[in-house]
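S.K.: Residue numbers (the working numbering), protein chains in the order written: chain A, 1 to 541; chain B, 542 to 632.
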Amino acid sequence: MSGKIPKALGFRQSQAGLHTWTGLLVGWILYLIFLNGAVSYWREEITRWAQPEIGVTRDVETVARGAIAHLQAVAPKATTWSISLPDERAGGATATFREKGRPAPRRGVDPNAVTIGPDGQVVTPRDTEGGDAFYRLHFDLRYVPVIWGRWIVGFCTMFMLVAIVSGVITHKKIFADFFTFRPGKGQRSWLDGHNALAVLALPFHAMITYTGLITLMVLYVPWGVAANYPSKTAYYAQSITRTKPVKPSGEAAPLADIGAVLKSAERAWDGGHAGLIRIDAPNDKAARIIVTRRASDTLVDGRWEIVFDGVTGQIRSQVAPTSSGMIARGGMVGLHAGRFAPMTMRWLFFLSGLAGTAMVATGLVLWIAKRRQKLADPARPHFGFRLVERLNIGTIAGLPAAMAVFLWANRLLPLNLAGRGDWEVHAMFIAWGVLLLHGFVRPPRRGWIEQLSLTAGLLLALPVFNIAAAQHGLVASLRSGDTAMAVMDLTLLALGAAFAAMAVGVAHHKPAQPKARRAKTAPVTPKAPATPARKAEEVEA
Amino acid sequence: MTLAALLLCLAGFFALSLAMPRHHAALIGGPPPPRRRLLLKLAGWLCLALGLVASLLAWGLAWGVVGWLGLLTAAAAPVLLAQTWWPRARP
């Protein structure tokens, strides 16, 4: 590819070039997006794991009653109360209130907000972003303005879409090679692996990339809105309307029973669940209770709302997604985020996401594997080769290690540290920065082994630490029936084992002989071996 | 029903892989006779189709298709691994 350009490229060859370079240019960011996206399917579980103080919610009504009791005690005259209810996957509820003339802080911690535990009592969990850290990183990146992050992610996603289409065109024998993997054959094996990861999960890759663009379509393609609405605010006002707050009458009246209200909402939604309760003018005759449906309830991500009379508990009005355009978009957003997904499907989404991560990783390694033989002087590769090879180490092996450092920071940072939640994230990025640097200064082979071993060690040691040092270890979780907590620890062990297998694979690999070892279980595979012969390299990549 | 769907997809892909000369040769020996090849193909596609039906029964119309595509991925991967390492493990 880097050699002379033939006079006339065939269609497939031109697509191969397109695929190689669109994939390479944004590959490292795509790896970050894919990995954090896959992990974000467990956003709620990770948050629960990161806040072991809260415990598992079994009865939502108890939590809602506890939240209201708390708000009655601290802010009976507030203009608005809000309670976000947990679902089966989340921990506690958040209760907060707003008083007249005191808007919510634009950023940072809301001083009015408290967390309500499963027993309905206020708990003080450690300050952490939990799963949200990975979720936000997936589409906002970090340390750049959010809007920039989204544009960068959108740009890379568009490249991903191009890479998927051109990759399918480039693939010579998509059906003949469907079940083919030939290990121990150097570049051939990397290509087989890359193809298998791409083809077997192709519906997922295509869906996730396309729907990913749809989630932020108003940002990326603003002209439809610009042509039809005087301003963006006007568009949002019509498409994402909020129920207007009521004016208090000044006449006191007791609040309707929240248990009855929640049951009534469930009936109206055919067994759907409440996700958010907003109470306007509580303890006033004009009070309103606005119940919003849980995002995980329906495939269509949209606004379902019921407005109740705050005193009688009667239904006043209802909102459900109606516009077919909004339903189509909501369906795609719902599909992308998998909020609706039942547990089995959530695992399939997660594993497909890991397959996508590994697809990007094998593609990046393949770029190196293909070019290694072509090097004029293998001892002194050219700058581009070195850059890609070193970035591969610090990203493919380094990023997972940094994410594990985040989880370690969550366990180790002092609970009273100011800005603790932020420091967990800083720790992740400091670790990643160090590992990127490490990838550049160490010999590549040593770099791979050391970083893969580090990732494995960090992941494997976490559940052990939880058993030894925290009262929320695997044994305790299993005993108390806290499945999510236990499965998270077990998943960390499995991922750690996979990285350990990769580290061993690289360590045992003999670069002189064209015999590559490839960890079967590994979601991401290690460094490429030298290859004896390259055939048809223009066409396949 | 989810498990049934997964098993059907697994069986379907395994039959389809055996219908391919390369994998037939590796596991059974020689190219598949035309009649067997046709039967394997038919059986394979039928199992995948029944897997879709089972998915729809398990998850309903909208999610069933999504789940089926996910199961296809989950089922194809072990078949690929089996076709890679099974022939090698045999004497």
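C-beta: ideal position from N, C-alpha, C; glycine also.
1) Using a 10 Å radius around the Cβ and a threshold of 16 neighbouring Cβ atoms, would you call A/THR395 buried or exposed?
2) Of the residues that make up the segment 606-617 of chain B, which ones have a beta carbon closer than 8 Å to any beta carbon in chain A?
3) If we cut at 7 Å on Cβ distances, does B/VAL620 have a partner in chain A?
4) Find out if the Cβ-Cβ distance for the pair A/GLY496, A/LEU435 is shorter than 7 Å.
5) Among all the DSSP beta bridges, which residues are the ones paired with A/ASP309?
6) 7 Å is my cut-off, CB to CB: does B/SER596 come that close to chain A?
7) Would you say B/ALA545 lies against chain A (beta-carbon separation less than 7 Å)?
8) How many Å lie between A/PHE385 and A/ILE174 at the Cα?
9) By how many angstroms is the C-alpha of A/ALA73 removed from the C-alpha of A/LYS100?
10) Nearest by alpha-carbon distance to A/LYS285: which of A/SER264, A/THR312 and A/ALA38 is it?
11) Short of 6 Å in beta carbon distance, which residues of its chain neighbour B/LEU557, apart from the five on each side in sequence? Order them along the chain.
12) Taking 6 Å as the limit between beta carbons, can you name the residues of its chain near A/ALA500, skipping five residues before and five after?
13) Please confirm whether any heavy atom of the ligand ATP lies closer than 6 Å to the CB of A/THR170.
14) Assuming B/ARG499 is part of the alpha helix (DSSP H), what are its boundary residues?
15) Identify, in the order they occur along the chain, each residue of the same chain with its Cβ nearer than 7 Å to the Cβ of A/HIS138, setting aside the five sequence neighbours on each side.
16) If I'm right that A/VAL123 touches A/GLY131 with Cβ under 8 Å, what's the distance once you round it to whole angstroms?
17) Give the range of the alpha helix (DSSP H) segment to which A/VAL162 is assigned.
18) Where does A/ARG293 land, buried or exposed, given buried means 16+ other C-beta within 10 angstroms?
19) When the cut-off is 7 Å and only beta carbons count, does A/SER231 lie next to chain B?
20) Looking at the secondary structure, which residues open and close the beta strand (DSSP E) in which A/ARG316 lies?
21) Mind listing, in chain order, the continuous alpha helix (DSSP H) runs of no fewer than 4 residues lying wholly within the segment 165-210 of chain A?
22) Could one say the Cβ of A/ALA337 lies closer than 7 Å to chain B's Cβ atoms, at least one of them?
23) Taking Cβ positions, are A/ARG547 and A/SER82 nearer each other than 7 Å?
24) Distance check for A/ALA67 and A/PRO248, CA to CA, integer angstroms please.
25) Between the segment 163-181 of chain A and the segment 219-230 of chain A, can you find at least three pairs of beta-carbon atoms closer than 8 Å?
26) With A/ILE449 as the anchor, note down where its alpha helix (DSSP H) starts and where it stops.
27) Exposed or buried, A/GLU251, counting other C-beta atoms within 10 Å across all chains shown (16 or more means buried)?
28) For a test of the three-state rule: what should DSSP assign to A/TRP347, helix, strand or coil?
29) Helix, strand or coil: how does DSSP classify A/LYS232 here?
30) For A/VAL360, which option in A/ALA397, A/VAL144, A/ARG43 and A/PRO105 has the closest C-alpha, if you only look at C-alpha atoms?
31) Going by the CB atoms, is the gap between A/ALA69 and A/PHE97 shorter than 7 Å?
32) For the alpha helix (DSSP H) holding A/GLY27, just list the boundary residues, first then last.
33) Within the continuous alpha helix (DSSP H) that includes A/SER264, where are the two ends?
34) Would you mind stating whether B/ALA567 and B/PRO628 have Cβ atoms separated by less than 7 Å?
35) My assumption, with CB atoms under 8 Å, is that A/GLY23 sits in contact with A/GLY363. Please give the rounded CB distance.
36) Give the residues of chain A in contact with B/ALA603, contact being defined as C-beta atoms less than 7 Å apart.
M.R.: So, from the data block:
1) Numbered from 1 along the first sequence, position 395 holds the residue referred to as residue 395 of chain A. So A/THR395 counts as buried.
2) VAL607, GLY608, LEU610, GLY611, LEU612, LEU613, THR614, ALA615 and ALA617
3) Working through the second sequence from its first residue, we reach residue 620 of chain B at position 79. It does: the Cβ of B/VAL620 has a partner Cβ on chain A nearer than 7 Å.
4) Taking the first residue of the first sequence as position 1, residue 496 of chain A is located at position 496. Taking the first residue of the first sequence as position 1, residue 435 of chain A is located at position 435. Not closer than 7 Å, so no.
5) Sequence index remark: in the first sequence, residue 309 of chain A carries index 309 (1-based). Answer is A/ARG288, bridged to A/ASP309.
6) If you number the second sequence from 1, residue 596 of chain B lands on position 55. No, no contact with chain A.
7) For this step, residue 545 of chain B is matched to residue 4 along the second sequence. Cβ-Cβ to chain A under 7 Å: no for B/ALA545.
8) Here residue 385 of chain A refers to the residue found at position 385 when the first sequence is read from its first residue. Here residue 174 of chain A refers to the residue found at position 174 when the first sequence is read from its first residue. Between A/PHE385 and A/ILE174, the C-alpha separation is close to 29 Å.
9) Walking along the first sequence from the start, residue 100 of chain A turns up at place 100. Walking along the first sequence from the start, residue 73 of chain A turns up at place 73. Rounded to the nearest angstrom, the two C-alpha atoms are 17 Å apart.
10) Your numbering for residue 285 of chain A matches position 285 in the first sequence. Of the candidates A/SER264, A/THR312 and A/ALA38, the one whose C-alpha sits nearest the C-alpha of A/LYS285 is A/THR312.
11) Along the second sequence, one-based indexing puts residue 557 of chain B at 16. Excluding sequence neighbours, B/LEU557 sits near GLY585.
12) Position 500 of the first sequence holds residue 500 of chain A. Taken in chain order, the residues that qualify are ALA456.
13) Judged by which ligands are present, the structure shown has none, so any question about the ligand ATP falls away.
14) Outside the displayed span of chain B (542 to 632) sits residue 499 of chain B, for which this structure offers no information.
15) Here residue 138 of chain A corresponds to residue number 138 of the first sequence, with the count starting at 1. For A/HIS138, where only same-chain residues beyond five positions count, the Cβ hits under 7 Å are ILE33, ASN36, GLY37 and SER40.
16) Taking the first residue of the first sequence as 1, we reach residue 123 of chain A at position 123. Taking the first residue of the first sequence as 1, we reach residue 131 of chain A at position 131. Going by Cβ atoms, the distance from A/VAL123 to A/GLY131 rounds to 18 Å, so no, they are not a contact pair.
17) Taking the first sequence and counting its residues from 1, the one referred to as residue 162 of chain A is at position 162. Residues 146-170.
18) Indexing the first sequence from 1 puts residue 293 of chain A at position 293. Buried, by the Cβ-count rule.
19) Residue 231 of chain A sits at position 231 when you count from the first residue of the first sequence. By this cut-off, A/SER231 is not an interface position.
20) As a working mapping, residue 316 of chain A is identified with position 316 in the first sequence. That run of the beta strand (DSSP E) goes 315-319.
21) 187-200
22) As a working mapping, residue 337 of chain A is identified with position 337 in the first sequence. False, the Cβ-Cβ gap to chain B never drops below 7 Å.
23) A query on residue 547 of chain A cannot be resolved here, the shown segment of chain A reaching from 1 to 541 and no further.
24) Numbered from its first residue, the first sequence carries residue 248 of chain A at position 248. Numbered from its first residue, the first sequence carries residue 67 of chain A at position 67. If I take the Cα positions, the gap works out to 22 Å.
25) no
26) In the first sequence, the residue the question calls residue 449 of chain A occupies position 449. It spans 444-469 - the alpha helix (DSSP H) in which A/ILE449 sits, taken as one unbroken run.
27) Along the first sequence, one-based indexing puts residue 251 of chain A at 251. With fewer than 16 Cβ atoms within 10 Å of its Cβ, A/GLU251 is classed as exposed.
28) Taking the first residue of the first sequence as 1, we reach residue 347 of chain A at position 347. Helix, per DSSP.
29) For the purposes of this step, residue 232 of chain A is taken as residue 232 along the first sequence, with counting starting at 1. In this structure, A/LYS232 counts as helix in the three-state DSSP scheme.
30) Working through the first sequence from its first residue, we reach residue 360 of chain A at position 360. Among A/ALA397, A/VAL144, A/ARG43 and A/PRO105, the Cα nearest to that of A/VAL360 belongs to A/ALA397.
31) Translated into positions along the first sequence, residue 97 of chain A becomes position 97. Translated into positions along the first sequence, residue 69 of chain A becomes position 69. Contact flag unset, no.
32) Counting from one through the first sequence, the residue named residue 27 of chain A turns up at place 27. Element bounds for A/GLY27: 11-40.
33) By 1-based counting over the first sequence, the position of residue 264 of chain A is 264. 258-268 is the extent of the alpha helix (DSSP H) around A/SER264.
34) On the second sequence, residue 567 of chain B is found 26 positions in, with the first residue counted as 1. On the second sequence, residue 628 of chain B is found 87 positions in, with the first residue counted as 1. Yes; because the gap between Cβ atoms is below 7 Å, this pair is in contact.
35) For the purposes of this step, residue 23 of chain A is taken as the residue at position 23 of the first sequence. For the purposes of this step, residue 363 of chain A is taken as the residue at position 363 of the first sequence. That pair is a contact at about 5 Å.
36) Taking the first residue of the second sequence as position 1, residue 603 of chain B is located at position 62. Correct list: LEU299.
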